[in-house]
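Residue numbers (this note's numbering), protein chains in the order written: chain A, 1093 to 1314; chain B, 180 to 509.
Read the structure below first, then the notes.
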Amino acid sequence: MNAPVNAMLETASARPRPKAPSPLRLFDWIWHISGKVPLPGGQPSDEAFARLAPLFEEPGTSYRRTGATLTFQKKDPVAQDKMAVFDRGVLHVEEGPAGAELHYRLASRTLLFCFLVPLLFLGFAQLNIALNKFDTAPAEETAKKPKKEDVVLPQHPIDKALGAPAPEKPKKKDPAEEGEGGRHSPTPGYVFAAIFAVLYGVGRVLESRLINKLLTRRLAGL
Amino acid sequence: MSGVRVGNRIIGGQSPVTVGWENVPRVEGGPFKQFFFTWFQPTVLLALVAFWYYAPSSIAKASTAIAIGIGFKILLLLMEWFFPRHESWRLTWKEFITDLFYVGLGYTVLRTVETYIGSDVIIEAVQSSFDWGKLTWFIGLPLLLQAFLISFIFDFGQYWMHRGMHNWYPLWLTHSVHHYITQLNINKGAVGNPVELFLIGLGIGGMFDFLPRAALLAGAIGMAVGTYQHINVRFNTPRWWRFVFNTTEHHSVHHSQDFEASRSNYSSTYIFIDRMFGTCVDGEAELLGMEGGRRMSIREQMTFPFTEGWRAIKERFGRDRLGPMSVPAE
């Protein structure tokens, strides 16, 4: 075959093909936090990472540093770990228009969990609604049982003297009292779904600000 | 670490435990702050007892109790934020949502399951089989005495079940995951495997549903005392309270990383049950948890009792049953 063509084919096969962007990139902001922090006063990257080192020497944390890049992973970080919310991440120093900057991209399964868990609680709510439909027939049968005679409940003279209300026999749970749906209420599921949805919003913003503040303070030696 | 001798045991030999009330720090601050943190607990208990004693029947029901419980927890969470006992126990966003997840399980799926195989089934069986006349002698007692008896009998059962969980391996499997918590916060009492939470739920409502106001009073006493087991706030708890009731200090000793310390203070409400049976240790600890303070993820909390149980079964029965492994002859 033609030598130049062979050379071209070999070069083409040796050159790595650019990967197609993963569709997850559209959504990974949900559980990734990225940002940058300027290094104070011409600080070299070695000194920057030396100041950040204590953050990665917590129990359950492993890290590797190559040049101006540090990658870390955390497994079961302790509650007192300031970066406990993150499971892995990359930090690297690069030159920006105003000087050296520390860029970071951190991943948090906790954020992803908080984002998805409202669906779980909505599922529990739907489960209760479904169970109420199955429960309707047996409830009608129990309502047909003859009620026992009402017994007058005694009240001790001390309670009477102190003004406590007269004792009341508890009413048997009937569907009217529990609500139109039935004995399984979907309300707690909806409430917790809403709570976690709000908490996700809070966490996504809060953790982003906290890590930026933490890195800024540590780089400044505080 | 030498530890301190308490009875026949050495407490604090593996992990630091402060033993003795004279060694436990007190709330620092001005006279108002001291007064507030001394009398907060007794005042709340008295207020709740008075509320449930005098509340009209129209509001003396479980839904009111739940609303009060939620409001009380929010107040205590705020107190934790502004007056933390230990900085190392401070709540973070991650810890808060993790704890709330377990609380959410209790209000949703656990409650659903319990209506079929839990306390509600027992309640219905008891209500349909009991003759009201036979209970007259009990419900004729003064209301507060009824409430105390309900609360005490329940806590007596809780004490032995909890002690059993720390002494019998199958029960320990379900309870062990709860002991991986490294902080005591308001909602951390809910952290644990659903099987254990379900087992605890079996005892609560089953026996006493037919005594509504006394049961509500008993529940209020339990809440006004038991909530402080898991709380990151320091109180100057009065001496008489510490003698009768379980406190944060007692429960922190129970959650300590020290093995012997964890085998103490089993009761939920009345620490004098522990005093009766020689398992009380007065003191406090800050370093909590298991395996040196390793944090257990939600996934592992759910699976650990089963994976660990399977591992234990294989270890115990697998090799013994089959005999020693054969070694190929050379």
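Don't be surprised by glycine CBs; every beta carbon is placed ideally from N, CA and C.
Minimum Cβ-Cβ distance from residue i to chain A less than 8 Å
i	result
Arg205(B)	no
Ile296(B)	no
Leu321(B)	The residue asked about is misnamed: residue 321(B) is Pro in this sequence, not Leu. Interface residue, yes.
Lys273(B)	yes
Thr427(B)	no
Val288(B)	yes
Leu581(B)	Lying before the first or after the last residue shown, residue 581(B) is absent from chain B, which here runs from 180 to 509.
Leu279(B)	yes
Gly472(B)	yes
Arg392(B)	yes
Ile318(B)	yes
Ile247(B)	no
Gln337(B)	no
Met475(B)	yes
Gly497(B)	no
Ile276(B)	yes
Gly283(B)	yes
Pro235(B)	yes
Range covered by the beta strand (DSSP E) that runs through residue i
i	result
Thr1163(A)	Thr1161 to Lys1166
Ile1125(A)	His1124 to Pro1130
Val183(B)	Val183 to Val185
Val288(B)	Here Val288(B) belongs to no beta strand (DSSP E); instead the alpha helix (DSSP H) covers Val288 to Ile296.
Leu1147(A)	Element bounds for Leu1147(A): n/a, residue is neither H nor E.
Tyr338(B)	Counting along the chain, Tyr338(B) falls outside any beta strand (DSSP E), though it belongs to the alpha helix (DSSP H) covering Leu322 to Met344.
Thr1158(A)	Thr1153 to Thr1158
Arg188(B)	Arg188 to Ile190
Spatial neighbours of residue i in its chain, beta-carbon cut-off 6 Å, leaving aside the 5 residues before and after
i	result
Gln325(B)	Ala393
Gln436(B)	Ser194, Leu466 and Gly468
Ala399(B)	Leu227 and Trp231
Lys493(B)	none
Asp1168(A)	Gly1152
Ala1160(A)	Ser1137, His1184 and Val1185
Val1177(A)	Ser1200, Thr1202 and Glu1299
His354(B)	Met344 and Glu375
Pro263(B)	Arg269 and Asn411
8 Å CB neighbourhood of residue i in its chain, flanking five on each side removed
i	result
Leu1211(A)	Ala1285
Thr1060(A)	Lying outside 1093 to 1314, the shown extent of chain A, residue 1060(A) is not represented and no answer is given.
His357(B)	Val370, Gly371, Asn372 and Glu375
Leu1214(A)	Gly1281, Tyr1282 and Ala1285
Gly192(B)	Met180, Ser181, Gly182, Asp437 and Glu439
Ile450(B)	Arg421, Phe422, Val423, Phe424, Asn425, Thr426, His429, Asn444 and Cys459
Ala1268(A)	Note that Ala1268(A) scores a pLDDT of 38, beneath 50, so its modelled location is shaky; the value from the coordinates is reported in the next line. Taken in chain order, the list of residues that qualify is empty.
Ala1104(A)	Caution is warranted here: a pLDDT of 49 is assigned to Ala1104(A), below 50, making its placement in the model unreliable, and the coordinate value is therefore given only provisionally. Nothing meets the Cβ criterion.
Cutoff 8 Å: residue i Cβ touching any chain B Cβ
i	result
Thr1153(A)	no
Pro1246(A)	yes
Phe1148(A)	no
Val1170(A)	yes
Glu1299(A)	yes
Gly1274(A)	no
Val1177(A)	yes
Gly1293(A)	no
Pro1259(A)	yes
Lys1236(A)	Residue confidence for Lys1236(A) is low, a pLDDT of 45 falling below 50, so the modelled location carries little weight; the figure read from the coordinates is stated next. Chain B contact via Cβ: absent.
Leu1223(A)	yes
Pro1280(A)	yes
Val1209(A)	yes
Leu1219(A)	yes
Ala1289(A)	no
Ile1250(A)	yes
Supposed close pair residue i, residue j - CB separation, criterion 8 Å
i	j	result
Leu363(B)	Thr271(B)	About 14 Å; that fails the 8 Å criterion.
Thr1153(A)	Phe1164(A)	6 Å
Trp1123(A)	Phe1226(A)	The pair is not a contact, with the Cβ atoms about 37 Å apart (cut-off 8 Å).
Asp334(B)	Ser446(B)	6 Å
Tyr1196(A)	Ser1114(A)	Their Cβ separation, rounded to whole angstroms, is 20 Å, which puts Tyr1196(A) and Ser1114(A) out of contact at 8 Å.
Val223(B)	Ala403(B)	5 Å
Leu322(B)	His1248(A)	7 Å
Endpoints, alpha helix (DSSP H) assigned at residue i
i	result
Ala1190(A)	Unbroken run through Ala1190(A): none, as it is neither H nor E.
Arg1296(A)	Thr1279 to Leu1311
Ser476(B)	From DSSP, Ser476(B) is part of no alpha helix (DSSP H); its letter is neither H nor E.
Leu467(B)	It is not in any alpha helix (DSSP H) - Leu467(B) carries neither H nor E in the DSSP assignment.
Leu225(B)	Pro210 to Tyr233
Ala253(B)	Strictly speaking, residue 253(B) in this sequence is Ile, with Ala absent from that position. Its alpha helix (DSSP H) spans residues Ala241 to Phe261.
His429(B)	Thr427 to His433
Val404(B)	Pro391 to Gly405
Glu439(B)	Phe438 to Ser441
Nonlocal neighbours in the same chain, by C-beta distance under 7 Å from residue i, ignoring five residues either side
i	result
His265(B)	Asn411 and Glu465
Glu463(B)	Thr197, Val203, Glu428, Ser431 and Val432
Pro1132(A)	Leu1311 and Ala1312
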